[in-house]
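Taken in order, the sequence shown gives residues -14 to 398; the numbers are from our numbering.
Reading through the structure tokens given below for one structure.
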Amino acid sequence: MRRLWMADAVLLGVYVMVAAAMAVLSLEPPYVTPLGALIALTLGGIVVVVVRHRHPRAAFAGALALALVSAAVGSGAEGMLPIGAMYLVGLRARASVAWSALAAALACAAAAALALTQRGTRLPHILGLQPPVEARDSLLDWLNFFSLIAALLLIATLLGINAGHRRRQLRELQHRAEQLARERDQQAETARARERERIAREMHDVIAHSLTVMIAVSDGARLAADENPQQAKEAIARVAETGRRTLGEVRRLLGTVRAGDDVAVGEADTQLQHAPQPDAGRLPALVQEFADAGLPVRLTITGRPPADAALGLTVYRIVQESLTNSLRHATDLQSVEVHVEWLDGDVAIVVQDTSASRPALPANGDSVGRGLLGMQERVALYNGTIEVGPHRLGWRVSARLHGNDTEGAGDER
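Now the structure itself:
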């Protein structure tokens, strides 16, 4: 904006100086231009320069009109106004609009050249410095006047179109850069939200499973404390081991969102913290952990799992969540069967318990509800299907994952 006002001030200053010089020359005797006409034309030119940004169309029409009148009865200084007007049109408008405006300006230039020619044959010269020319030379004079004015208008139009094109291109590039920056920020925010969701899902699975096992083992240790102290001590040791392993997994998950951890940990905790994520190869150890907690569970695995750590983690978490729910919510539990079948990259998971009853599905705010939702999200990453609900004499979780559909699976790494 400041640069715009400076350009207007320079243009206005140049116009006023040119108009003043031309007016002085036009007042030379014996051919005197009326002083009132010179003042009126100069004031009109000042108004055109001042309002050309707020009212561009009116200013353009005024510039053409003043140039035509000035060619007929004035000093001719207003002839510079259409040149500046054509540059402004080319700068701000589309090229088609600029060429249309140039056509109108050329028509006005032809009329102004004709006025100058007639003024040279019938009236004193515009500056009073040359005698009137003969009528036979009027056509050549008109052609000379028109060629000069047309060339100046064309040059101004081309310069304006070129500058306007560069300005619009720079504005488009700036807009594109701002749009890319917004898209980058949105993608970063989406990635952060997905990472928070992944961490929350992992935290739920780890903590819910570990606390369920720790509670079950602690209850068994409390009951066996009087009659079998050694068995109670072993149970308490398993609780401590489960707690340390859970703490390491929690610290590993939180380490993905925190640059550092100032909490001092021991060597064993550090090893657990940097341990790899569980996969399908740890399913027997997982089932044994639940068996130690008192769950009558049996594992059957057929086929060979592929070398896909993310898929193995997904299978591990689904089995873990299913067994955790059976341990927490089933009553009079008799048996739990876990079947994992690997088929050409796909995997089928069935966890079936036999129990007296199972509570109804909880509301969305309950932790089990979040666990079931987490399983559905994990299965969706592999375009799979999952069914959860009562089946025969117990509760059944059946899921099938397509290991070859790896889109989105990288979120679990």
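From the three backbone atoms N, C-alpha and C, an ideal C-beta is built for every residue, glycine too.
- For Thr285 and Ser340, the gap between their C-alpha atoms comes out near 20 Å.
- Between Pro269 and Trp327, the gap from beta carbon to beta carbon reaches 9 Å or more.
- Residue pairing by DSSP places Ile286 opposite Val325 in a beta bridge.
- Between Thr27 and Ala8, the C-beta gap is smaller than 9 Å, which places the two residues in contact.
- Here the segment 87 to 103 makes contact with the segment 61 to 79; the two share three or more CB pairs at distances below 8 Å.
- For the pair Ala294 and Asp264, the Cα-to-Cα distance works out to about 6 Å.
- A Cβ-Cβ separation of about 6 Å places Leu(-4) in contact with Val34 under the 8 Å criterion.
- The three-state secondary structure of Gln305, taken from DSSP, is helix.
- It is roughly 7 Å from the alpha-carbon of Glu306 to the alpha-carbon of His194.
- DSSP lists no bridge partner for Ala365.
- Taking every protein chain shown into account, the CB of Gln337 has 16 or more other CB atoms within 10 angstroms, so this residue is buried.
- Sequence-distant Cβ neighbours of Phe130 in its own chain, meaning closer than 7 Å and more than five residues away, are Ala98, Leu101 and Thr102.
- Leu378 carries a coil assignment under DSSP once its states are collapsed to helix, strand and coil.
- Within the same chain, Phe275 come within 6 Å of Leu308 by CB-CB distance, once the 5 residues on both sides are set aside.
- For Leu386, the pairing in a beta bridge is given by DSSP as Val332.
- Apart from sequence neighbours up to five positions away, the residues of its chain that approach Val191 with a beta-carbon distance below 8 Å are Thr231, Glu234, Val235 and Leu238, ordered along the chain.
- In the DSSP assignment, Leu49 falls within the alpha helix (DSSP H) that extends over Pro41 to Val58.
- Counting along the chain, no alpha helix (DSSP H) covers Ala78, and no H or E run does either.
- Thr339 is bridged by DSSP to Ser320 and Gly379.
- Take the alpha-carbon of Leu133 and the one of Leu158: they are about 38 Å apart.
- The beta carbon of Arg267 sits closer than 8 Å to the beta carbons of Tyr301 from its chain, once the five residues preceding and following it are set aside; these are given in chain order.
- In this chain, Leu280 is not harboured by any alpha helix (DSSP H), its DSSP state being neither H nor E.
- Partner residues in the beta bridge of Thr370, as assigned by DSSP, are Arg385.
- In the displayed model, Ala206 falls within a helix according to three-state DSSP.
- Judged by DSSP in its simplified three-state form, Pro67 adopts helix.
- Non-local beta-carbon contacts of Gly279 in its own chain, meaning distances under 7 Å to residues more than five positions away in sequence, involve Ala201 and Gly205 in chain order.
- Met188 and Val224 do not touch by the CB rule: their CB atoms are close to 20 Å apart, not below 8 Å.
- Each residue's CA atom was taken as its position, placing Asp329 and Thr287 some 12 Å apart.
- For Gly228, the three-state secondary structure derived from DSSP is helix.
- Contiguous beta strand (DSSP E) elements confined to the segment 162 to 188 do not occur, taking only those with 3 or more residues.
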